[in-house]
Amino acid sequence: MADTLDLTLTDMAAGGDAVGFAELDRRPVFVPGGIPGERVRVQVMENRPRWRRARLLDVLAPSPDRIAPLCPHFAPASSQPHCTGCRWQHVAYERQLTLKRDILVDILARHAKLGPSLPRSQERAAALVDEVIALGDPEAEDEAAVLAFGYCTQMHFILDPAGRLALPDQHGAPLPIDACPLHHPQLAALFAAWDVDPETGSQLAQELTGVTLAVGGVESDSETNQDGQTVGALVLESARGEPPELTLDLPVNVFWRAGAGDETQVELLVGDWTHPVAVGGRILRAYPPVGARRLTWPHVLADEALYAIGVQMLELQPFEQAVDLWAGIGVGSLALAEQAATVLALDDDPLAAAALEANLAGVDNISPRPGPILEQLAALERVGHRAEAALLTPPQTVDWEAVCPALARLGVKRAVIITADPVGLARSLGSLAAQGFQVQTVQPVDIAPHQPTTALVVRFNRVEP
54 MADTLDLTLT DMAAGGDAVG FAELDRRPVF VPGGIPGERV RVQVMENRPR
104 WRRARLLDVL APSPDRIAPL CPHFAPASSQ PHCTGCRWQH VAYERQLTLK
154 RDILVDILAR HAKLGPSLPR SQERAAALVD EVIALGDPEA EDEAAVLAFG
204 YCTQMHFILD PAGRLALPDQ HGAPLPIDAC PLHHPQLAAL FAAWDVDPET
254 GSQLAQELTG VTLAVGGVES DSETNQDGQT VGALVLESAR GEPPELTLDL
304 PVNVFWRAGA GDETQVELLV GDWTHPVAVG GRILRAYPPV GARRLTWPHV
354 LADEALYAIG VQMLELQPFE QAVDLWAGIG VGSLALAEQA ATVLALDDDP
404 LAAAALEANL AGVDNISPRP GPILEQLAAL ERVGHRAEAA LLTPPQTVDW
454 EAVCPALARL GVKRAVIITA DPVGLARSLG SLAAQGFQVQ TVQPVDIAPH
504 QPTTALVVRF NRVEP
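Mind the numbering: the sequence shown is residues 54 to 518 in the numbering used here, read in order.
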């Protein structure tokens, strides 16, 4: 029989598990479903030389922040199959925000090495990181209400053997669900409308490696397809082979994505390449989630909120010029254009280039510039273009030793980076600082309630050598 331990939980790991320390050997014990401050009884399920993972058996002294989860598939303490998409539905939302900030401070302290010792690095990280911003529910009468459910506009599914949409359980196996409370109403409607007969479903389960649904949050009757308007995209994913035969009555563009990496093929099967996305009172066009990086954020309010915060942090003057690097579908460029004299929108993704052309048409002070980022920056330098501010939404891998000097040669004095990769950001701070861009403040924004992740809006100032 596995070991049973009584623990006091003291921390929250970056992956969302609470952590306590065994009294005998002080090895950390990771406990899904726990909350720091609780006294718990656990059963050790995985025993490694440096750590253990355990299942929560009983909460001996519960946290005042422990609440009943909304979703019946959320059961991190259960040995039965359960969904692992949410990690913190058992934690009161205000406490979730505190835990997210604690995790972020720890990541920056450990990976950015902001001081000569870990305690000094933690002090510096804590001074840099602001309180986490929660996004409000625009439909609620209470102005303080948070959009903690019903926000998700994009989700990846796997198929169970019958071809039903499913989410991975704790072992990675398909877990069919009736509904997900995270789903935006449009996404929930598409999810509910997925209906395949057993024979077709069985064949799809063998042919497809996954299915992605994405919606744009544009209000209409199109969830029921009454007006014929497309509300989103359906991406059928396969490792190889031909597109499957499938009949679905859904108001979506349908794509087939096969292969991986440089060998990826994308084919439009039904509809158009773009669907409408609602952002800050505008209706923009978005492409399906089939590229190497996201062009929109999977939260109905995230695109508007993140770029509004980013532009505010740049403190632009009406006479200043700005550049928007990895501009996506142009949300940041449009926000910049309201504050700056001119904006150049750069992106090297072909889908982004097409979206920028559509979404920025008619805006006189924005110029889209598709093509490789470094080549575009070099071309701007050759013609003597100047810019005081830069907004960046970079991919995971960036050659900062090339990008930063190029920005400096344009005259950029202030920059904001928007990212959902705190470890990558922390590891890049040294390279950015070496090129003269010093971090000033880190603003976390919660675009994933009930999960340990946040989006970050980070302000830098360029310091002359």
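We treat Cβ as the ideally placed atom computed from N, Cα and C, and that holds for glycine.
In its own chain, which residues sit with a C-beta less than 7 Å from the C-beta of residue i, not counting the 5 before and 5 after it?
i, result
"residue 328", "269, 283, 284, 285, 286, 306, 339"
"residue 167", "161, 174, 177, 178"
"residue 424", "401"
"residue 101", "none"
Name the two residues that bound the continuous beta strand (DSSP E) containing residue i.
i, result
"residue 259", "Unbroken run through residue 259 is the alpha helix (DSSP H), 251 to 260; no beta strand (DSSP E)."
"residue 211", "207 to 212"
"residue 309", "305 to 311"
"residue 290", "285 to 291"
"residue 513", "508 to 515"
"residue 105", "105 to 114"
"residue 495", "490 to 499"
"residue 82", "81 to 84"
"residue 451", "Segment: none, residue 451 is in no beta strand (DSSP E) and carries neither H nor E."
"residue 271", "Run containing residue 271: none; DSSP gives neither H nor E here."
"residue 60", "57 to 65"
"residue 472", "467 to 472"
"residue 395", "395 to 400"
"residue 199", "That residue, residue 199, is in no beta strand (DSSP E); it is neither H nor E in DSSP."
"residue 91", "That residue, residue 91, is in no beta strand (DSSP E); it is neither H nor E in DSSP."
Which residues in the same chain have their Cβ closer than 8 Å to the Cβ of residue i, if we skip the five residues on either side of it in sequence?
i, result
"residue 484", "453, 454, 457"
"residue 276", "Only weak support is given to the placement of residue 276: the predicted model assigns it a pLDDT of 40, under 50, and the value that follows is read from those uncertain coordinates. Excluding positions up to five away in sequence, the list reads 238, 239, 242, 243, 284, 304."
"residue 219", "210, 211, 212, 213, 227, 228, 229, 230"
"residue 480", "164, 165"
"residue 191", "200, 354"
"residue 372", "394"
What residue range is occupied by the uninterrupted alpha helix (DSSP H) comprising residue i?
i, result
"residue 481", "475 to 487"
"residue 73", "Unbroken run through residue 73 is the beta strand (DSSP E), 71 to 74; no alpha helix (DSSP H)."
"residue 384", "384 to 390"
"residue 502", "Where residue 502 is concerned, there is no enclosing alpha helix (DSSP H), given that its DSSP letter is neither H nor E."
"residue 220", "No alpha helix (DSSP H) holds residue 220; the beta strand (DSSP E) holding it covers 218 to 221."
"residue 238", "238 to 246"
For residue i, count neighbouring C-beta atoms within 10 Å of its own C-beta (all shown protein chains included) and say buried if the count is 16 or more, exposed if not.
i, result
"residue 490", "buried"
"residue 154", "buried"
"residue 462", "exposed"
"residue 334", "exposed"
"residue 408", "buried"
"residue 58", "buried"
"residue 293", "exposed"
"residue 449", "exposed"
"residue 131", "exposed"
"residue 231", "exposed"
"residue 111", "exposed"
"residue 187", "buried"
"residue 128", "buried"
"residue 48", "Nothing can be reported for residue 48, as the shown portion of the chain is limited to 54 through 518."
"residue 337", "buried"
"residue 467", "buried"
"residue 318", "exposed"
"residue 79", "exposed"
"residue 45", "Outside the displayed range of the chain (54 to 518) lies residue 45, so it cannot be described from this structure."
"residue 405", "buried"
"residue 225", "exposed"
"residue 195", "exposed"
"residue 116", "buried"
Within its chain, find whatever has a CB closer than 6 Å to the CB of residue i; leave out the 5 residues flanking it on each side and keep chain order.
i, result
"residue 278", "The predicted position of residue 278 is uncertain, since its pLDDT is 41 and thus under 50; a value taken from the coordinates is nonetheless stated next. Around residue 278: 304."
"residue 470", "445, 511"
"residue 379", "400, 446, 447"
"residue 473", "508"
"residue 246", "303"
The region 419 to 432 / the region 379 to 391 touching (three or more Cβ pairs under 8 Å): yes
Which ranges does the alpha helix (DSSP H) cover as unbroken runs of at least 4 residues, wholly within the region 119 to 182, from first to last along the chain? 146 to 165, 171 to 181
Is the region 490 to 505 touching the region 139 to 150, taking contact as three or more C-beta pairs under 8 Å? yes
In chain order, what are the residue ranges of uninterrupted alpha helix (DSSP H) at least 4 long that sit wholly in the region 405 to 440? 426 to 435
With contact counted as at least three CB pairs below 8 Å, one residue from each stretch, are the region 259 to 266 and the region 211 to 227 in contact? yes
Going residue by residue through the region 331 to 385, where are the continuous alpha helix (DSSP H) segments of at least 4 residues, counting only ones entirely within it? 355 to 367
Would the region 95 to 109 and the region 56 to 74 be scored as touching if the rule is three or more Cβ pairs under 8 Å? yes
For the region 344 to 351 against the region 361 to 374, do three or more pairs of beta-carbon atoms, one drawn from each stretch, fall closer than 8 Å, so that the two count as touching? no
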